Amino acid sequence: MDRLRREQPEARAEFFRRYAPQVRRILFLQGFCEEVDDAVQEVFIKVYRAQIPAEETFLAWFYRVILNTGRDQGRRRKTRHGLMDKLHQIAPEVAADAPSAPADPALRLALAELSPELRECVALRFFADLPLDEIAAAQDIPVGTVKSRLHGAMKHLRLTLTESGFERNG
Amino acid sequence: MADESRDEMTGVPAFDDDRLLAFALGIDDDPQLVAAAAADEGLRRRLDAARVQVEQVGAQVRAAVPDPDEHYTDLGDPRWAGLQEFLVPPRPAKTRGRASRWLRVLAPAAVVLVAVAVGLAVINDRRDGTVAINGSLPAAAKATSEAAGPLTDAGSDAADRAGDYVQALRDDLDTFAVVVLARAKVAGGVFQRFVVVKFLKGEGPDVVSLRVADHPADEGRLHLLFLRPQYRASVEATPTPIPGATVATNTLEALAAGVPVVYSYQGETAMARELPAGTDPAAVELQ
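Top to bottom, those sequences are chains A and B.
Heads up: the first sequence at position 90 corresponds to 90 in this note's numbering, and the numbers run straight through without jumps.
Offset between the second sequence (1-based) and this note's numbering: plus 1000.
Written as structure tokens, this is what we have:
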């Protein structure tokens, strides 16, 4: 952490190698879209440019950077898709830049039905393995809200997957 | 499945699925549930099933996100071009005073930390303490040299700039464990090979394959390659000249004047500095 704070290139490279796959997964699930490499890069540029906070608050800060970047990207994508939709109406042959679907259609449906806040919670829980208090710090919400969101998300995922026959196949 | 833990009034199980899910998720410690499950095999089975379900859902969520490709964390990959500027060793903060101090060490004492002689490209003209440079060097370097004027004039801005160039190359030589003179081959895909002509510092393979980050080097051109960055806890406050080294200050300026190109070599940052056309490899030495 100290080396990262002193802007040492090798520390930055190590940090990237360690966290880039995880950042990608979180952003993927958050935005429900495979086109996340630009956002991943944006996250690390923000970290490299930022004043690195104290070690005890670093992870919460880092995950907040990820989530905020994902939210910004989501807004941009929404605008872009809005424009693409309009273009599509004018010229149907133009292929819209639609998000890619995960392999499991039942899960795609279940995840798509979650609110962005609930998806963020699931992403931080299952891709970052964060404890509840750190998810709360990253999302800047009370721990009780995290519990409620996580419980709601899991209940919905479980129900949807069960109804789609996931248990029989799984 | 019998469940002995039921509400006496309503007959509804006191431990419903939501409560079991909360416990399985680690949201709630629920000592009451733990105690009841210890005494109730049916409840214990339900609790185990809830845990398995949570794990299965988690596994499905993880599986929904495809794994990144195997080169995903290769910082030399073109998709991370935006990060390159943050991955080059930072230049130590230089002040006019420091550059002047460095030049005061260099010029009057006629010693230099690293001397690189590039064939006949550099002609040292010791008259009046000035250094001449011939036309085969890059125009920018030549202009720099001319603008720099006599190196003994440590107070001029031009001399400070010249000192900065010297310092830049000195930093590179200090920062990297391996420095080689190599000739660029034609770039193939995202990689470009360089055939090592001479090892100037450290040891390495005879052919170095670098991942192109920005643009490939010109085929056939000689380059100084800086490989294997070695990071130190802190940068020395004052450079320490190597006694006995010869003077070729303007060559250093010429070499440092070119913009270094950043590559990735085996996951680490590498740098290439193009040498002037017509450089004689035999004459390039670090002394």
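Using N, Cα and C, we set each Cβ at its ideal position, and we do this for glycine too.
As the structure is a prediction and not an experimental result, all values here were calculated from the model.
Considering Cα atoms alone, identify which of the options is closest to residue i.
i	options	result
A:T162	B:P1031, B:A1184 and B:V1057	B:V1057
A:F16	B:V1196, B:P1229, B:D1069 and B:L1087	B:L1087
B:G1076	B:D1067, B:V1065, B:S1209 and B:A1177	B:S1209
B:D1067	A:F28, A:A137, A:E10 and A:K46	A:F28
B:G1220	B:L1021, B:P1281, B:Y1265 and B:D1172	B:P1281
A:E10	B:A1039, B:P1031, B:G1278 and B:L1083	B:L1083
A:L114	A:P131, A:H151, A:D129 and A:I141	A:H151
B:F1176	B:V1196, B:G1202 and B:R1193	B:G1202
B:L962	B:V1180, B:L1227 and B:Y1265	Only positions 1001 to 1287 of chain B appear in this structure, which leaves residue 962 of chain B out of reach.
B:V1262	B:T1279, B:E1285, B:G1278 and B:L1224	B:L1224
A:R158	A:R18, A:A39, A:E42 and A:R108	A:R108
B:Q1060	A:V47, A:P21, A:V122 and A:K147	A:V122
A:A138	A:T69, A:G31 and A:K155	A:T69
A:I26	A:A106, A:Q8 and A:L67	A:L67
Counting only Cβ pairs nearer than 8 Å, list the residues of chain A close to residue i.
i	result
B:L1087	P9, R12 and A13
B:P1281	Within 8 Å Cβ-Cβ: nothing; B:P1281 doesn't reach chain A, min ~29 Å.
B:R1051	None at all; the shortest Cβ gap to chain A is about 12 Å.
B:Y1072	A20, P21 and R24
B:P952	A question about residue 952 of chain B goes unanswered here, because the residues of chain B that appear run from 1001 up to 1287.
By DSSP's criteria, residue i is part of a beta bridge. Which residues make up the other side?
i	result
A:S148	According to DSSP, A:S148 bridges with nothing at all.
B:M1271	B:F1226 and B:V1262
B:V1196	B:A1182
B:V1212	B:Y1263
B:F1176	B:P1229
B:K1201	B:V1179
Taking CB distances under 8 Å as the criterion, tell me whether residue i reaches chain A.
i	result
B:R1019	no
B:G1076	no
B:A1270	no
B:G1058	yes
B:L1025	yes
B:G1082	yes
B:V1065	yes
B:V1235	Unreliable positioning characterises B:V1235 in this predicted model, as indicated by a pLDDT of 36, which lies under 50. A coordinate reading is not provided.
B:V1178	no
Does residue i get closer than 8 Å to chain B when you measure Cβ to Cβ?
i	result
A:V43	no
A:V65	no
A:K147	yes
A:R24	yes
A:F62	no
A:L4	no
A:L214	As shown, chain A starts at 1 and ends at 170. That puts residue 214 of chain A outside it, with no answer to give.
A:L107	yes
A:R168	Note that A:R168 has pLDDT 43, beneath the 50 cutoff, so the model's placement of it is unreliable and the number below is only indicative. False, the Cβ-Cβ gap to chain B never drops below 8 Å.
Check the Cβ of residue i against every Cβ in chain B and list those closer than 8 Å, keeping chain order.
i	result
A:R155	Note that residue 155 of chain A corresponds to Lys in the displayed sequence, not to Arg. D1018 and L1021, listed in chain order.
A:F58	Here the premise fails: no neighbours, minimum Cβ distance about 18 Å.
A:L130	Those within 8 Å of A:L130 in chain B number zero; the least Cβ separation is about 11 Å.
Since residue i meets chain C, which of its residues come closer than 8 Å, beta carbon to beta carbon?
i	result
A:D37	Reference to chain C is not applicable here, since the protein chains of this structure are A and B.
Anything in chain A within Cβ reach of residue i, meaning under 9 Å, just list it in chain order.
i	result
B:R1062	R25, F126 and F127
At a CB-CB cut-off below 7 Å, which residues of chain A make contact with residue i?
i	result
B:P961	Absent from the model: residue 961 of chain B. The displayed extent of chain B is 1001 to 1287, so no value can be given.
Using the beta-carbon of each residue, which ones in chain B are nearer than 7 Å to residue i?
i	result
A:R17	T1073
A:R158	Q1053 and V1057
A:L111	A1064
A:L150	L1025 and I1027
A:L114	Correct list: empty, because the minimum Cβ distance to chain B is about 10 Å.
A:L118	Ordered by position in chain B, no residue passes the 7 Å Cβ test against A:L118, which lies about 12 Å from the chain.
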